[in-house]
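Asker: Taken in sequence, the protein lines are chains E and U.
Count the first sequence with the working numbering and you get residues 530 to 826, in order.
Count the second sequence with the working numbering and you get residues 49 to 1215, in order.
Built from N, CA and C at the ideal position, the CB exists for glycine as well.
Values in this document were obtained by computation on a predicted structure and should not be read as measured data.
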Amino acid sequence: MKIEIQGLNKIYPNGNHALKDINLEFGTGMFGLLGPNGAGKSSLMRILVTLMKPTSGIVLIDGKDIQKHRKELREMLGYLPQDFRFFTSLRTWEFLDYSGSLAGLKNRKERLSEVDRLLDQVGLLEVRDRQANKLSGGMKRRLGIAQALIGNPRIIVVDEPTTGLDPDERIRFRNILSQLSQNDVTIILSTHIVGDISSTCQGMALLNKGELVFSGSPENLVKQAEGHVFKLTLTPYEYEKVKEQYDVISTIPIDTGWEVQIVSEEVPVYNPVSIIPNIEHAYVYYMEHKLHADMID
Amino acid sequence: MTFLNNIRTVARYEAKTLRRSWFFKLFSISALVIFTFLNIGLFSPIGDESWNMVSIPSSVPLINLFLLNIGQAIVVIFLAADFLKRDKKVDTNEVLYTRSMSNFEYIIGKTWGILRLFLGLDLIILSIGLLMNIISRSMSVDIMSYLYYLLIICVPTIVFSLGLAFMLMSAIKNQPVTFLILLGFAALDMFWLYYRFGSIFDYMAFGFPVFKSGIVGFDNPGQILNQRLFYLFLGLALVISTVLLFKRLPQSRVHTTLSWIFMVLFLAGAGLCGFNTWSYYQKSINVKKLTIETNRKFENSNVASITDATIDFIHKGDSFEATAFLKFVNDNNEGLERYIFSLNPSLSVSGVTLNGKQLQYNRINHIIEIVPGKMLEPGKSDSLTVSYSGSINESFCYPNYDDNIKDNRYRIEMVNVHKRQAFVTPGYVLLTPESNWYPVTGLNYYPSNPARIKVDFSNYTLRVKDEKGLTPVSQGKLGKENGDYVFRSESPLTGLTLSIGNYKSDTLKVDSIKYITFYFPGHDYYKKDLSELRDTLPLLVSGIMRELESTFSTKYPFKTLSFLEVPVQFYSYPRMCTQTRAELQPSMVLLPEKLSTLRNAGFHKQFTRQKKRMTRNNQVITDKELQVRLFNTFIRNTFISGENFRFINGVAINEPIRYRLGPSFYFFKNNFYSSEYPVINAVFESHLQKVTAPGQGSFAGMDGGLTDNDKANLILKNLSFRDLLAKNPGSDTVRQVLSVKGDYLFNLLRARAGIDEFSAWFKKYIDDNKFRHVSIEKMNSDVREKFGFEFYPYLNDWFNKTGQPGFSITNFRVSQIVVDNRTRYQVTFVASNKEVVAGIFNVSFRTGGGRGQTGGGPQIMDVVMSGGGPGGRGNFSISMQGRGMEASDISKIVFLGAREAKKIGIVLDDQPREMMINTIFARNIPGQITQPVNELEKPGDQAKPFAGEEVLPSIPSYDNPSEVIVDNEDTGFKISQQQSVSPLKKLLGIKNRNATSYQEINTYWAPEYWQPVIQASYFGSYILSSVYTRAGTGERLVTWKGVIKKPGYYDVYCYVGKSLERMTVRGRGMGGPGGPPGEGGREADGPGGPGGSTGGQQEKGPYQDMHYKIYHDQGFDEITLDYQNAEGGWNNLGRYYLSPDTVKVELTNLSAGKIVIADAVKWVKAE
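So this is what it looks like as structure tokens:
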């Protein structure tokens, strides 16, 4: 499956230019959409799931414009919106049953069996008959992913899925997505939490203020930060100075003062030790230095 | 299939979600509880089983769904408006929006979900009703009506409410505003729109008549279908418009296109049905207008009188063909160049022939104008044949009535019944003369004189052929000729009625009169319920007929009396030209199916209930005795007496009773006519057919308001009879005025001829002129011949002149005297008439000991004061005051010339308890004056009896020069108040109620303005009135202003009108002594006015502190009067020094009570 986004623009009635000429292409597997809040991720997602029309530009799925082939897209779509908290008075299984029926599972017996399978998969079978509204935040997210999965969708769009989840739930959620991505499906994951992208995404895009600033594999993004991430051991006095001069990524107190990691274009003083960057380092480097430098150029 | 699956899925979960909402749960549980009790209470054997509810089985689903629909129409607004709001609020719904379904499927699914939920609830409620229906002994089951009403009432209402709510929420996206609009529309429908423009705006079918008859089913299926489809289609169009407005990107171009197509189709369907609904209304208005306009053109044309009519009638499904051979005579004083007949405008005339020769004729709406080619001289006869066919346009029948279901209400309990004047269907036919189904010479309405009527006494022969073999029923002797039914009238009739249906009949012959009941199979329930009467029925019927003949002083004129069952929808409007309703025809009464609208017709339930009560009270009564009682009560209330009050805008209107047999004894038998006074027959009818059963006071008397006589006198205060008729007043006004004018005319005749002498002569006179027209000039000459005076000259003033006499009754004394060694009772009083118009009044007495246990208050107040006033009811009856043929209760009729006073003496054999004076046509309001006999003088044996009249040299004056009185009727009395009209009322054209006429006191809902009220206990020279208003903070004010001539100290009084302490008639300055308090009287303020203030326990009444502001030379003083404990009559407010000038007293509505009342104030110069 190939998803192509060509010249996509979204301008809201209030004049907010949420997406600016986005061009993107990706295929099967997990694709991460990273960017700070307000970068335009949700707008892009909502266009992808046909909840919203772009102002201009097209999205092609296997060469078909989704605005012209909404039915086909919706038939292969599973969607988990950013804010999946408030439900009508339905029980957990009923919500899945509702989604399943609309996803084309017409046989009641088969549908109920699928509902239970998915509930089991996301660890909600025990709360099958509980009111969906009364589930915890994590359970609601899991219910959300279960409903996105029902009917075996070929495209799964998950918008900020880990927001508000505790670390355990977040790991569990990432694992579910990771397992899913092994199948022949496209998962589009939007997040502002860099850790959600990590190694699970085959491809990713970085959005900032409505513009696509990077697209490629996470490794490529990380590669661009190589030689720009350093570890420093600092006295408290030095630490104060470093904080003002560099982007500090992490700070660990030690007996003599602080051990900090920084991102910097040039090699800092204070006995720097160059370290292998991870995606978080790369994201900071990209957003704070590369992008800034590009804009100045 | 995906299409249906998606709709079903959305519907299932929408229904599930709604079912779990607290709002729906609350509503459905409440509905289940309420309707269970309601059904048990109304329809089950342990409940009320009110006959008008259980007699027609379709009432069960109708009443249930009518009430439920009101509730669910409101609830559905909240639920429907909530759905889009919820979709917007609950983000999880977005996951549904990304599923593969079209917006059409989603919205239709939502709609179906809500609809099926409500329909489910409706079915449960209907099941409860059906269960009661099945177990009830009194009802059969009309299972189809359950389905019909669900489709007619509920489905369109819910779909329209849903559609409107969806559309508004989609368009304005504001839930509170949507609620406001929808609830406002629902409220408007129930309170304002439901009856307007032919109920086109009545989306809830709140007032729209959908009653289903057990005989003809829905009589107006086209109208029902169009009105309800209008809302169904409109609702569907709105639902589909929501699909198009829905904020989700559409996924199916086909569905979007289909949505547009369906929306346009539904809108077109709604437009068509709406147009048809409007057309029913507009066409009816047009026909009525056209009828009136056409009649206006022909009302002054001379017409012939039909003496014989032979009608051949062939019933052909929804229409009929007929040929009428008419023989007529010119009884005008001039020759006739044209023959004018009236025939229902929907009947098309195919030819008019005379001896086989076609005559030239013009059809102008309902008029057939025939040019015979030669003049028909006065007294000469002619004949012709009219061939015609078609059906009946019922809008023609009562052109002066619109079809407004609010003002002209016909209801069974809370549901309106469609009013029909004729039926021509394949299975049933009903044609009364009012529909002009055969050519007649008179007009059905005379626009310039609505009280005029043309009555012909004709001999009819009716030949009926029915293609379906149904049974025809008509007047006259029935025979069969060549397979056709032939009816030949046995005496001349004023009109002919034909009904064709699946009739069965029973006949009972008593005293040479045949009583025939025509009923539909299974509707003769009364035979079983009154099975014990089989043997005694002839005796009972004979007794009732004798009683009727005795009441009307004349024999029943026909050989048969048929009771014909007709569909419940058959309804006649009261007419201004006659008191006779179309339900009563010569020798025939048209009764509603299963007697459904008649009180006391549920014999079985009444029997069971009364039997139980009697057993409880250890009373022994046999089944037969009880059935006799029930039968008699039913017959009396239905056919003999009773009253028929209808409330229009809170005002009680007394209409002629639909089934009363009175017209059989005058209207169908006699006719007096006058070209100069065309109203004369209606006047005679009004007077002679009046029956009020002993023990039944008028409704007005019961509630302290105005009697019909009073209303008529107020109307005629500044209008002549002629002027009033020219104003085309309402039928109730005409009836009241006819009644007063009739009473006046007959009392005048009695006064001149002698009461007994006139009665004996007149009784014979009308029998001698049975089935004949008698001109009033002829009667005048007959009266002159018999009694030596003419009444015709009086008629000019009686009809054309404005002005009324005004009577004062003073010096009323009763003494015990001895005449010829027998104890007699001498009554004397002075009657004066200060006005420039002469008048008459009659006097009657209540004698004997019946009043012993009662208090001495005015007689009429016995009825007025519930729980208060004079005490026990005693042996009570309201005097007929000279109504009807006999007028046997009148002791004396007094004629008083203009500005004349007479001393009147009457000698009675029995001791009088009360003297009752009926001022008939006078300025006195109330017109019935009651003088209780409080003191019996015993002057000794030397007292000479005085019986007769003595004209006094001058009118006695009781004015006291040292006092100034200002009554609320005087010019010195002013009302100041601000009345604001709300913008909404302005927009809707609703006017605030205001004091345009006298009304009765309503202590529960006092008006927010000063409302004049009449009561015998109030002060006044002729009109005994006061004004009252709702108590408040003093925002409403009345002022009495008087002029005093001399300076000095004055005692200021206010008048407190209390029934016990007051004489009912006062001259200025001479309020008579009050009657003694009732011995058994308990004090309480009844709704009619402040009750007696003495005796018994006091309750905190509506009248409490009244705050008078008295202006004097030193400024003003505020005096608080404790009205409840004040004496009846004048109450002293204090003594003040006043200079010659205008003096003033004010009263505001400031009070802790409920009501403030203002009557009269007087200033009395201190000695």
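Can you tell me where the beta strand (DSSP E) holding U:Y1076 begins and where it ends?
Answerer: As a first step, residue 1076 of chain U must be located in the second sequence, where it is residue number 1028. U:Y1076 -> beta strand (DSSP E) spans 1073-1078.
Asker: Along chain U, in chain order, which residues have C-beta atoms closer than 7 Å to that of E:Q676?
Answerer: As a first step, residue 676 of chain E must be located in the first sequence, where it is residue number 147. Going along chain U in sequence order, the residues near E:Q676 (Cβ under 7 Å) are V143.
Asker: Using 8 Å as the cut-off, can you tell me whether the segment 1012-1024 of chain U makes contact with the segment 1072-1079 of chain U, which would need three or more C-beta pairs spanning the two stretches below that distance?
Answerer: Counting Cβ pairs under 8 Å, three or more are found: they touch.
Asker: Taking the CB atoms as reference points, tell me whether U:A949 and U:A879 lie closer together than 9 Å.
Answerer: In the second sequence, counting from the first residue as 1, residue 949 of chain U sits at position 901. In the second sequence, counting from the first residue as 1, residue 879 of chain U sits at position 831. A contact, by the Cβ cut-off of 9 Å.
Asker: Under 8 Å by Cβ, that's how I've got E:G745 and E:G732 pegged, so tell me the actual separation to the nearest angstrom.
Answerer: Locating residue 745 of chain E in the first sequence gives position 216, where the first residue counts as 1. Locating residue 732 of chain E in the first sequence gives position 203, where the first residue counts as 1. Yes, they are in contact, since the Cβ atoms of E:G745 and E:G732 sit about 7 Å apart, within 8 Å.
Asker: Quick one: list the residues of chain U neighbouring E:R603, beta-carbon separation under 7 Å, in chain order.
Answerer: Numbered from its first residue, the first sequence carries residue 603 of chain E at position 74. By Cβ distance, chain U contributes T146, R147, S148, Q299.
Asker: Counting pairs of Cβ atoms below 8 Å between the segment 815-834 of chain U and the segment 710-723 of chain U, do you hit three or more?
Answerer: Judged by Cβ distances under 8 Å, the segment 815-834 of chain U makes contact with the segment 710-723 of chain U, as three or more pairs qualify.
Asker: Can you find a CB in chain E that lies within less than 9 Å of the CB of U:R296?
Answerer: Residue 296 of chain U sits at position 248 when you count from the first residue of the second sequence. Yes, its Cβ sits closer than 9 Å to a Cβ of chain E.
Asker: For chain U, find out if any of its Cβ atoms is closer than 9 Å to the Cβ of E:F560; answer yes or no.
Answerer: Indexing the first sequence from 1 puts residue 560 of chain E at position 31. With 9 Å as the cut-off, E:F560 does not count as an interface residue toward chain U.
Asker: Measuring straight from C-alpha to C-alpha, what distance separates U:R67 and U:D130?
Answerer: Within the second sequence, the letter at position 19 stands for residue 67 of chain U. Within the second sequence, the letter at position 82 stands for residue 130 of chain U. The straight-line gap from Cα to Cα measures roughly 13 Å.
Asker: Just to check my reading of the structure: U:S547 and U:V512 have Cβ atoms closer than 8 Å, yes? What is that Cβ distance to the nearest angstrom?
Answerer: Within the second sequence, the letter at position 499 stands for residue 547 of chain U. Within the second sequence, the letter at position 464 stands for residue 512 of chain U. At roughly 10 Å, the Cβ-Cβ gap does not stay under 8 Å, so U:S547 and U:V512 are not in contact.
Asker: Pick from U:I229, U:F810, U:T978: whose alpha carbon is nearest that of U:F893?
Answerer: Taking the second sequence and counting its residues from 1, the one referred to as residue 893 of chain U is at position 845. Here the closest residue by C-alpha is U:T978.
Asker: Run through the segment 627-680 of chain U for me and flag every whole alpha helix (DSSP H) of 4 or more residues, listed as ranges in chain order.
Answerer: Runs of the alpha helix (DSSP H) inside the segment 627-680 of chain U: 651-664.
Asker: Here's a check: name, in chain order, each residue in its chain whose Cβ is nearer than 7 Å to the Cβ of E:V789, leaving out the five neighbours to either side.
Answerer: Walking along the first sequence from the start, residue 789 of chain E turns up at place 260. Around E:V789: L761, L763, Y768, V771, V777, S779, T780.
Asker: Give a yes or no on contact between the segment 342-358 of chain U and the segment 382-390 of chain U, applying the rule of three or more CB pairs nearer than 8 Å.
Answerer: Contact between the segment 342-358 of chain U and the segment 382-390 of chain U is present, because at least three Cβ pairs lie under 8 Å.
Asker: Can a CB atom of chain E be found closer than 9 Å to the CB of U:V58?
Answerer: Here residue 58 of chain U is taken as the residue at index 10 of the second sequence, counted from 1. It does: the Cβ of U:V58 has a partner Cβ on chain E nearer than 9 Å.
Asker: Counting beta carbon pairs with one atom in the segment 255-265 of chain U and one in the segment 285-298 of chain U, are three or more of them shorter than 8 Å?
Answerer: Verdict: no, contact absent.
Asker: Using a Cβ-Cβ cut-off of 9 Å, state whether U:T65 counts as contacting chain E.
Answerer: On the second sequence, position 17 is the one that residue 65 of chain U refers to. Answer yes: the Cβ-Cβ gap between U:T65 and chain E drops below 9 Å somewhere.
Asker: To the nearest angstrom, how far is the alpha carbon of U:D957 from that of U:I968?
Answerer: As a first step, residue 957 of chain U must be located in the second sequence, where it is residue number 909. As a first step, residue 968 of chain U must be located in the second sequence, where it is residue number 920. In a straight line, the C-alpha of U:D957 is about 26 Å away from that of U:I968.
Asker: Leaving out the 5 sequence neighbours to the left and right, which residues in its chain are closer than 7 Å to E:I808 when beta-carbon positions are compared?
Answerer: For the purposes of this step, residue 808 of chain E is taken as residue 279 along the first sequence, with counting starting at 1. Same-chain partners within the cutoff: V723, I726, S727, P747, L750, V751.
Asker: Compare the C-beta of E:S618 against all C-beta atoms of chain U and say whether one is closer than 9 Å.
Answerer: On the first sequence, position 89 is the one that residue 618 of chain E refers to. So yes, E:S618 belongs to the interface.
Asker: Please report whether the beta-carbon of E:T720 lies at a distance below 9 Å from any beta-carbon of chain U.
Answerer: The count along the first sequence starts at 1 and reaches residue 720 of chain E at position 191. Not one chain U Cβ lies under 9 Å of E:T720.
Asker: Using the Cβ count rule (16 or more neighbours within 10 Å means buried), how would you classify U:G270?
Answerer: Here the question's residue 270 of chain U lines up with position 222 in the second sequence. The residue is exposed, with fewer than 16 neighbouring Cβ atoms inside 10 Å.
Asker: Taking 8 Å as the cut-off, does the segment 327-341 of chain U touch the segment 396-403 of chain U (at least 3 CB pairs, one atom from each stretch)?
Answerer: Not touching, per the Cβ criterion.
Asker: Say whether chain U places a C-beta atom closer than 9 Å to the C-beta of E:Y775.
Answerer: Residue mapping note: residue 775 of chain E aligns to position 246 of the first sequence, counting from 1. No, no contact with chain U.
Asker: Taking only beta-carbon atoms, is E:A547 less than 9 Å away from chain U?
Answerer: As a first step, residue 547 of chain E must be located in the first sequence, where it is residue number 18. So no, E:A547 is outside the interface.
Asker: Can you give me, in chain order, the residues of the segment 208-239 of chain U that have a beta carbon less than 9 Å from any beta carbon in chain E?
Answerer: For the segment 208-239 of chain U, which is checked against every Cβ of chain E, not one residue is closer than 9 Å.
Asker: Can you give, in chain order, each stretch of the alpha helix (DSSP H) that sits fully within the segment 527-615 of chain U and has at least 4 residues?
Answerer: Those alpha helix (DSSP H) runs which fall completely within the segment 527-615 of chain U and span 4+ residues are 573-577, 585-600.
Asker: Below 8 Å, how does it come out for the segment 621-631 of chain U and the segment 777-788 of chain U: are there three or more Cβ pairs, yes or no?
Answerer: Yes, the segment 621-631 of chain U is in contact with the segment 777-788 of chain U.
Asker: Against chain E, does U:T140 count as a neighbour if the rule is that its beta carbon must be under 9 Å from one of theirs?
Answerer: Numbered from its first residue, the second sequence carries residue 140 of chain U at position 92. Chain E contact via Cβ: present.
Asker: Anything in the segment 574-601 of chain E with a Cβ closer than 7 Å to a Cβ of chain U? List those residues in chain order, please.
Answerer: Listed by position along the chain: V578, T579, L580, K582, R599, K600.
Asker: Please report whether the beta-carbon of U:N1197 lies at a distance below 9 Å from any beta-carbon of chain E.
Answerer: Mapped onto the second sequence, residue 1197 of chain U falls at position 1149. It does not: the Cβ of U:N1197 has no partner Cβ on chain E nearer than 9 Å.
Asker: Do E:V813 and E:V792 have their CB atoms nearer than 9 Å?
Answerer: Position 284 of the first sequence, counting from 1, holds the residue named residue 813 of chain E. Position 263 of the first sequence, counting from 1, holds the residue named residue 792 of chain E. Yes, they are a contact pair.
Asker: Against chain E, with Cβ distances strictly below 9 Å, would U:T50 count as a contact?
Answerer: Your numbering for residue 50 of chain U matches position 2 in the second sequence. Yes, its Cβ sits closer than 9 Å to a Cβ of chain E.
Asker: Residues of chain E with a CB under 9 Å from the CB of U:N53: which are they?
Answerer: Position 5 of the second sequence, counting from 1, holds the residue named residue 53 of chain U. Correct list: S630, L631, G633, K635.
Asker: Within the segment 807-858 of chain U, note down every full alpha helix (DSSP H) run reaching 4 residues or more, in order along the chain.
Answerer: Runs found: 824-835, 840-848.
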